Structures are given as C-alpha cells and as structure tokens.
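The structure appears right after this line, and notes come after that.
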Amino acid sequence: MTDRSTSPDVAATPFDAWLTSDAEVADLLRAEAGRQSTTLQLIASENFTSTAVLAATGSVLTNKYSEGYPGRRYYGGNRIIDEVEELARERAKALFGAEHANVQPHAGANANLAAYQALLEPGDTILAMRLDQGGHLTHGSPASITSKIWRFVAYGVTPASDDPARPGEVIDFDEVADVAKRERPKLIVAGATAYPRLIEPEPFREIADSVGAKLMFDIAHPAGLVAGGAHPNPVAVADVVTFTTHKTLRGPRGGAILCRAELAKAIDSAVFPGLQGGPLEHVIAAKAVAFGEAALPSFRQYAAAVVANARALARGLAAEGFRLVSGGTDNHLILIDLRTFDEELTGKEAQEVLDRSGITLNRNTIPDDQRSAFVTSGLRLGTAAQTTAGMGEPEMAEIAALIGLALRERTDEGVLETVRHSVRALCDRFPPYPGLSGLGAGPVGAAGGRGS
Ligand code: DSN
C-alpha cells in the first residue's frame, strides 16, 4: 500500500475532478503529485511539464488511430489529427532549424532504433560511447537489442586528472579517431546520458568524414539546452539528430528525430511501419505544446538558469567534499564519485538514504566503476526540474548542504528527519504546480521558472 500520509491536497491533473469515478487510481495520482511537490526532484532526465502539456496528454486524442503520416493515413477521421501532427512537425523544425522532423517515436530508445534502421544494414558497425563511460543502453550495451542487430565499437573518456587546468574524464577524441580509423564504422554516435560536459558536434563530424561514416547526435539530455541556446545545435552538422521531449525540453514523455530532407523518407519508414504502429497523437499534441513553449524567450532564460543552477550545485557539492566526475559541469547534470567522500558508501545506499530524506536522484556508474551497475560508486543529479519550479542558486547551495549532511550522518535517523523537514520547507516555497495545489497557489518564484 502506498504511504499517503505526507501527501498534501494536491491535484494530479488539470481535470482532477473527473477522476472521481475511480477513487483508487485518483488516490494514487494525487499521492504521486504530493510526492513530486514535497520532495526534491533531482533526477537528471526528469522535469515538470506545464499544465498545457498535461492537458494535451490527457486529451481525447488518445482515442484516435492514425497509422501513417499527415495526408497518408491508413484510417479515416484523421483530418484534425493531421493538423496536430503537422503543427508538431513544423514547430520542431522551426525550433531546431531542421529540414525534417519525425515526432512519432514513443521514446528516445525508439528514435535511436529507427535512426539506426534508416541509416544501416544489420551487422554494420557503429561507434558510440560506452554505457559505463556515460553513454546509453541503445548506444550498444550488450543488454540492448541494438547490440544484437549491429556491431558496436566504443569510445570513452580520458582518465581522471588532479590538474584543474586540464580536467580529465572528458570525451577522448584521440580514442574516437583511433577506433574510427581501425574499425571503419558506418555510423558514429555522439551524445550521452551521464556526461556533465558540453559536447561539440564538429570534432565528431571531422572524424566521421575522415572514415566516410554518417554522424548521429543523440541530444536526449540537452535538447532543452540546445533549444534554449545554452548548448550548440548539432542539426546542421549531424546527419540525424535524435532526442527525447521530456527531459530538459520539458515536454511529455516521448522521442523525436530531426534530419535533412534527403533522409526524411528513410527515417519516416523506419519509425512507421518499421518499428511502431499507431502514433500516440495525444502525446504528439503535447509535444507541439512543448515545442511552442521552448520557442518562447522565457525558455532561453530557463535553459541558462538550468546550467547556472547546475554549476552552483556542483560548487556546493565540491565544498561538501564530494569529487565530481570531470571536476564540474557545463550542462544540467552532475556526476558524483562517492569513493573519496566515503569509500564504503555505494551509489545504491546513498540513493536510498537520500530517498528517505526526501531527495530524489539516481545512482549511476562512474567511468571505470569497479562496482556493478546495480550498486555503483556514483550518483547522478540534475537541475532541470527544480529550476522549472523556480529554484535558483541560493537553493542549490542549500540542497548541496542537505545532501552532504544526510550522507555524512546517514545512520542517524534524527538527522535524516531534520533533512526531510528542511527539504519539505524548501519545496513548499517552490511548488511545481501552484495552479493545481490545494495548499495555496502562488506564482512560480524565479526568472528561471516556467512563468505560466
Ligand atoms: N533513462 C534515461 C536517463 O535517465 O538518462 C535515458 O534513457
């Protein structure tokens, strides 16, 4: 049974009253809304969408079958759906300056699978970042279907360094070039899920060109930073760009693909009918909303605030004695190496202690981790969600101090309870959905917030 004792009276959707027909589900949704608004959401791949995104996701568009693409559907009744999907495609193209957009992938993994399918034959070689160095499951992990269809070779990061002028644990472009020359991949994949630094697309392009490979850039994590002008846009440099819409981009859960016009047909066929059936048009409508929001000037402020907050959080964590992978961050995420803080403390235990303290984040492997992916020696944190809720640099300093205190005194339940109270007080000042809260609405606090 879910513990709802700490759940405030928070609505879970803009249509909350309509949930009364199913009290069990309604209770669970409200309990989750309560959890999200009373604890800190620091998972680097999560965010708080706008209520407009929530409303579109919960709309009647979920009723419609629309296999195919605008103007070429396999079902009737798609006149309005065509307009919805066309709007999403046009907004995605305008936002990123792309010639073509496919907004149907149900997730980032599907977007990557479709891109591989469009560009490659089974058995072809792909050069991508290893999962334990910061890559993604679909970048060739043995556990992923991708490694059963294509042959992956990998690059990683440079060794850790104590020299602040030349921080290690950054993408090893010498290795990228060497492996590319030796293995002659058909495709090079740039992009990561646990890499705290900015990734320039040009060095990847040069290496890809030197071996006649195509270049795919997976911007699942920094898509919102790219849209908001805080990170370089790889669209003009890469052959294909894949991304998710729910991380820094702050839209509904889902994926999307951008490419040049000459690849449009191959990409579209790879998504449908190659990989998926009917598109989720309610989610596509919500993607359109998110693309529209990300095109607003306030989103540029948001993207800059996410990075500024991550840097402030990194400074605070370093002051607490944590070693940060690569020495800091250029984006929305931070990777902590716990070993120097406390050799005995695993990522798994730290995640559980912080969960009990109201601080939600995930354990993560660090480069060359000696522990398994289930246990790990690291923690990954991100600032996208709490920046949306309006938190700024002073709150990041407070969060870093709370994390340090909870992990140092992790066997003292009294201290963890104190941390939990401080977290609750902090969250009460920055409700993610003030308009939906029964505890009293208020404007989103800082310039970095959603502002709506
Ligand atoms: N699971 C996502 C993340 O947390 O980064 C990547 O797919």
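Counting with our numbering, you get residues 15 to 466 for the letters of the sequence shown.
In this text, a Cβ means the ideal position worked out from N, Cα and C, and glycines have one as well.
Keep in mind the model is a prediction, meaning the values are calculated, not measured.
Its Cα nearest to that of Ala333, the residue Met410 stands out among Glu214, Met410 and Met230. In the three-state scheme derived from DSSP, where H, G and I count as helix and E and B as strand, Ile163 is classed as helix. For His114, the beta-bridge partners assigned by DSSP are Cys273.
Nearest C-alpha to Leu201 among Arg180, Val225, Gly182 and Ala66: Val225. Distance check between Arg394 and each of Arg385, Val67, Ile380 and Met405 places Ile380 closest, using alpha-carbon atoms only.
Remark: C-beta atoms of Ala47 and Val24 approach each other more closely than 8 Å.
Per DSSP, Met405 has no beta bridge partner at all. The beta carbon of Ile348 lies closer than 7 Å to those of Pro210, Ala324, Leu327, Ala328, Leu331, Leu338 and Leu395 in the same chain, with the five residues before and after it left out.
With 5 Å as the limit, the residues whose C-beta approaches any heavy atom of the ligand DSN more closely are Ser59 and Thr207, in sequence along the chain. A distance below 8 Å between beta-carbons, with the five flanking residues on each side excluded, links Thr390 to the following residues of its chain, in chain order: Thr360, Gly361, Lys362, Arg377, Asn378, Thr379, Ile380 and Asp383.
The three-state secondary structure of Tyr169, taken from DSSP, is strand.
Straight-line measurement puts the Cα of Ala45 at about 14 Å from the Cα of Tyr447. For Ala142, the closest alpha carbon among the candidates Tyr79, Leu229 and Arg180 is that of Leu229. Burial of Leu430 is indicated by the presence of at least 16 other C-beta atoms within 10 angstroms of its C-beta. By the Cβ criterion, the segment 288–300 is not in contact with the segment 244–253, since fewer than three pairs of Cβ atoms, one from each stretch, lie closer than 8 Å.
At a Cβ-Cβ threshold of 8 Å, Trp164 and Gly205 do not count as neighbours.
Positions of the beta strand (DSSP E) runs, each at least 3 residues long and wholly inside the segment 116–146, are given as 139–143 in order along the chain. Per DSSP, the unbroken alpha helix (DSSP H) holding Val437 starts and ends at Glu427 to Arg443. Taking a C-beta distance under 8 Å as the contact criterion, Gly269 and His120 qualify as a contact pair. The beta carbon of Ala275 is closer than 8 Å to those of Glu113 and His114 in its chain, skipping five residues each way along the sequence. Its chain contains Ile373, Thr374, Leu375, Leu395, Gly396, Thr397, Ala399, Gln400 and Ile413 as the residues whose beta carbon lies nearer than 8 Å to that of Leu56, once the 5 sequence neighbours on both sides are disregarded; these appear in chain order. Taking all protein chains shown into account, Arg424 has 16 or more neighbouring C-beta atoms within 10 Å of its C-beta and is therefore buried. In this structure, Lys261 places its C-beta atom within 8 Å of the C-beta atom of Asn61. Taken through DSSP and simplified to helix, strand or coil, Ile94 comes out as helix.
Straight through space, the alpha carbons of Leu416 and Thr259 are spaced by roughly 30 Å. Classified as buried, Ala241 has 16 or more neighbouring CB atoms from the shown chains inside 10 Å of its CB. One alpha carbon belongs to Ser73, the other to Cys273, and they sit about 29 Å apart. The beta carbon of Ala174 sits closer than 6 Å to those of Gly182 and Glu183, all from its chain and outside the five residues before and after it, given in chain order.
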